[in-house]
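Peer 1: Protein chains in written order, with our numbering: chain H, 3 to 368; chain G, 6 to 237. Note that beta-carbon positions come from the ideal geometry of N, C-alpha and C, so glycine has one too. Since the model is a prediction, treat every value here as computed from it, not as a measurement.
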């Protein structure tokens, strides 16, 4: 018989050797994933990368083809064990998925299924409804609520269970921007106050940054990178991750010389300086975020190590920010405020300087 | 014209005088139809929910059988039940032929596909994620079924109405397997057929009015239950 893998009991949740096959195709392969108590793990990744599948298998709602999911070091295998463990968890989906009954009945259902005494249910549910600002909606029919209200009810329904681990699948995706912002703040506060262990799946990088204490990047069904938000967002491990976390500028180059941590990288004949531990002659990818590039009409005398001359290829305004494409032998995308773009009179053909710091560049071995 | 007026007068006379024969027929109709509805509800809702939720080989074939059953002619059902219950038939030893039980069996077979089909359709139109959400809330398999059925009560009550409607209006099968025996298996529909053939239009109209009132009252109750959950 195969030896069960040794699970770490200090982990709230641990998955190992997890594979999921759907429709004859393997859609998920997780060698190992650990969630520590009170941490919020944000799983990000493009559409179709297997985020929901991962969440469903961790929440014991989808049976994996191989591998185990363990809670506090105990692998959950048998059917009655699964039900017992499910009753220590809570899941919030993208849609509110409220039942066709009153708000009160919806929020009390989970506790009733757990056989909790009526009086305890009443107190707990009331306080959570109020915590999410929907205390006065208790008697309303759930299907008559607005999108934002329904979402608040579905969050309250999850939190009344005081879950050991809370799972959220794109919880704020279908909301309009102001509703979403208000709810995101409330939710972040509740998570912090209750120190709830949570796994939140999202395609929205800002959500992951705002909520996650760790971030995992899922691509094509496997975890490409996992680490602190700062690590993942400023030091992506490869090109695909870099693109996904918003490093729009990814340039191929060669290390021309290096001195300590500082390297000079040749990109199509232009030299730029970056912090890197790569060796001379190595081929690399240089990543930089559009918001880290300063655009000016004259050469800047700032601390930025790099200042390139170029011609504006085009501008696209989107709200308060404006994307500027600059040709400096290669194409750079910069973000400036729409206001300063207007003031500088940026348009196709404008001669500009693009400045960026050596530390704001991220060098990936190619 | 006189015939109709006389008929209606006769009808009210029979109803308000509380004619024992009419009363007996009415009570038997209610007992038989409600029992048949109850049985096919319990079986049909369970089957419909399970078929609606699961995928198995032969499912498509089963669904096509159910859909066909929804439109099966009561006379054919009556014929099949007769063949089975006949003294020399496979179930002849139970001597159920020409008993109220035989009518209940036939009516169950008529309404079961209707209730199963309606249930299946209404369960299938639910968001598949709702099932996951209910399981995630900590429901066992049985609790999941119950919660889903409760959540689809609007279309399900339509299933009850259609099922009950098919049962109470049915005459061919009740006649064949019940035999329209006075005081034993005579129900409203078979009694109407008999009275009309005798030319007793007054009694026939009276029974017709009673039948309509029964259908109306049952549907009134069901409608009240269905519309109760509408948003205020």
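Within the same chain, show all residues whose beta-carbon is closer than 7 Å to that of residue 152 of chain G, passing over the 5 residues directly before and after it, in chain order.
Peer 2: So the qualifying residues of the chain are 139, 144.
Peer 1: When Cβ atoms are compared, which residues of the region 129–148 of chain G fall closer than 7 Å to chain H?
Peer 2: Residues 132, 134, 135, 137, 138, 140, 141, 142, 143, 144, 145, 148.
Peer 1: For residue 152 of chain G, which residues in chain H fall below 8 Å Cβ to Cβ?
Peer 2: The answer, in chain order, is 101, 111.
Peer 1: Could you check if residue 81 of chain H is buried or exposed, using at least 16 other CB atoms within 10 Å of its CB as the buried criterion?
Peer 2: With fewer than 16 other Cβ atoms within 10 Å, it is exposed.
Peer 1: Give the single residue among H:197, H:104, H:126 whose Cα lies nearest to the Cα of residue 166 of chain H.
Peer 2: Of the candidates H:197, H:104, H:126, the one whose C-alpha sits nearest the C-alpha of residue 166 of chain H is H:197.
Peer 1: How is the beta strand (DSSP E) around residue 314 of chain H delimited, first residue to last?
Peer 2: 308–320 is the extent of the beta strand (DSSP E) around residue 314 of chain H.
Peer 1: Is residue 48 of chain G helix, strand or coil by DSSP?
Peer 2: Three-state DSSP puts residue 48 of chain G in a helix.
Peer 1: Please report how far the alpha carbon of residue 98 of chain H lies from the alpha carbon of residue 152 of chain H, in whole angstroms.
Peer 2: Distance between the alpha carbons of residue 98 of chain H and residue 152 of chain H: 6 Å.
Peer 1: Taking any Cβ of chain G, which residues in the region 318–334 of chain H have a Cβ under 8 Å from it, in chain order?
Peer 2: The residues in question: there are none.
Peer 1: Would a check of beta-carbon distances place residue 93 of chain H closer than 8 Å to chain G?
Peer 2: Chain G contact via Cβ: present.
Peer 1: What runs of the beta strand (DSSP E), each 3 residues or longer, lie entirely inside the region 63–118 of chain H?
Peer 2: Correct list: 68–73, 91–94.
Peer 1: Under 8 Å between C-beta atoms, does residue 212 of chain H make it to chain G?
Peer 2: By this cut-off, residue 212 of chain H is not an interface position.
Peer 1: Taking the alpha-carbon positions, what's the residue 217 of chain H to residue 59 of chain H distance?
Peer 2: About 18 Å.
Peer 1: Report all residues from its chain with a CB closer than 7 Å to the CB of residue 39 of chain H; omit the five preceding and five following residues, and keep chain order.
Peer 2: Answer for residue 39 of chain H: 14, 199, listed in chain order.
Peer 1: Would you list, in chain order, the members of the region 60–88 of chain H that have their beta-carbon closer than 8 Å to a beta-carbon of chain G?
Peer 2: Cβ contacts with chain G: 61, 63, 85, 88.
Peer 1: For residue 7 of chain G, would you say it is in contact with chain H, using Cβ-to-Cβ distances shorter than 8 Å as the test?
Peer 2: So, not an interface residue.
Peer 1: Please determine if the region 349–365 of chain H and the region 292–305 of chain H are in contact, where contact requires at least 3 C-beta pairs separated by less than 8 Å.
Peer 2: Enough Cβ pairs lie closer than 8 Å, so yes.
Peer 1: Where does residue 31 of chain H sit, in a helix, a strand or coil, going by DSSP?
Peer 2: Strand, per DSSP.
Peer 1: Output the residue ranges of the beta strand (DSSP E) runs that lie fully inside the region 231–266 of chain H and measure 3 residues or longer, sorted by chain position.
Peer 2: Here the runs fully enclosed are 251–261.
Peer 1: Using a C-beta cutoff of 8 Å, does residue 154 of chain H count as contacting chain G?
Peer 2: It does not; no Cβ of chain G falls within 8 Å.
Peer 1: Should the region 34–50 of chain H be called in touch with the region 141–161 of chain H, which here means at least 3 C-beta pairs below 8 Å?
Peer 2: Result no; under three Cβ-Cβ pairs closer than 8 Å.
Peer 1: Leaving out five residues on either side along the sequence, give the residues of the same chain with a beta carbon under 6 Å from the beta carbon of residue 90 of chain G.
Peer 2: Hits under 6 Å: 96, 101, 102, 107.
Peer 1: CA-CA distance, residue 250 of chain H and residue 289 of chain H?
Peer 2: Taking the straight line joining both Cα atoms gives about 7 Å.
Peer 1: Of all Cβ atoms in chain G, is any one closer than 8 Å to the Cβ of residue 241 of chain H?
Peer 2: No - not a single Cβ of chain G is within 8 Å of the one on residue 241 of chain H.
Peer 1: Cβ of residue 24 of chain G less than 8 Å from any chain H Cβ?
Peer 2: No, residue 24 of chain G lies away from the interface with chain H (no Cβ there is under 8 Å from its Cβ).
Peer 1: Mind checking if residue 116 of chain H is an interface residue toward chain G, Cβ cutoff 8 Å exclusive?
Peer 2: Cβ-Cβ to chain G under 8 Å: yes for residue 116 of chain H.
Peer 1: Compare the C-alpha of residue 180 of chain G against each of G:194, G:188, G:167, G:171 and name the closest.
Peer 2: For the residues G:194, G:188, G:167, G:171, the minimum Cα distance to residue 180 of chain G belongs to G:194.
Peer 1: Using a cut-off of 9 Å between C-beta atoms, extract the partners of residue 97 of chain H located in chain G.
Peer 2: Within 9 Å Cβ-Cβ: 132, 134, 135, 138.
Peer 1: Give the straight-line distance between the Cα atoms of residue 48 of chain G and residue 117 of chain G, rounded to the nearest whole angstrom.
Peer 2: Rounded to whole angstroms, residue 48 of chain G to residue 117 of chain G spans 8 Å at the Cα level.
Peer 1: Assuming the contact rule is C-beta atoms closer than 8 Å, residue 213 of chain H and residue 44 of chain H should be a hit. Round their C-beta distance to whole Å, please.
Peer 2: Indeed they touch by this definition, with Cβ atoms about 6 Å apart.
Peer 1: Does the region 230–246 of chain H touch the region 255–268 of chain H, meaning 3 or more C-beta pairs lie closer than 8 Å?
Peer 2: Verdict: no, contact absent.
Peer 1: Say whether the region 64–80 of chain H touches the region 10–28 of chain H, bearing in mind that this needs 3 or more beta-carbon pairs closer than 8 Å, one atom from each stretch.
Peer 2: A contact exists between the region 64–80 of chain H and the region 10–28 of chain H.
Peer 1: Please list the terminal residues of the continuous beta strand (DSSP E) segment that includes residue 19 of chain H.
Peer 2: Looking at the DSSP string, the run of the beta strand (DSSP E) that includes residue 19 of chain H is 15–24.
Peer 1: For residue 35 of chain G, tell me which candidate among G:136, G:109, G:137 has the shortest Cα-Cα distance.
Peer 2: Out of G:136, G:109, G:137, G:109 has the C-alpha closest to the C-alpha of residue 35 of chain G.
Peer 1: Whole alpha helix (DSSP H) runs in the region 70–126 of chain G with 4 or more residues, listed along the chain?
Peer 2: Whole alpha helix (DSSP H) segments, 4+ residues: 79–90.
Peer 1: How many Å lie between residue 50 of chain G and residue 154 of chain G at the Cα?
Peer 2: Taking the straight line from one Cα to the other gives about 8 Å.
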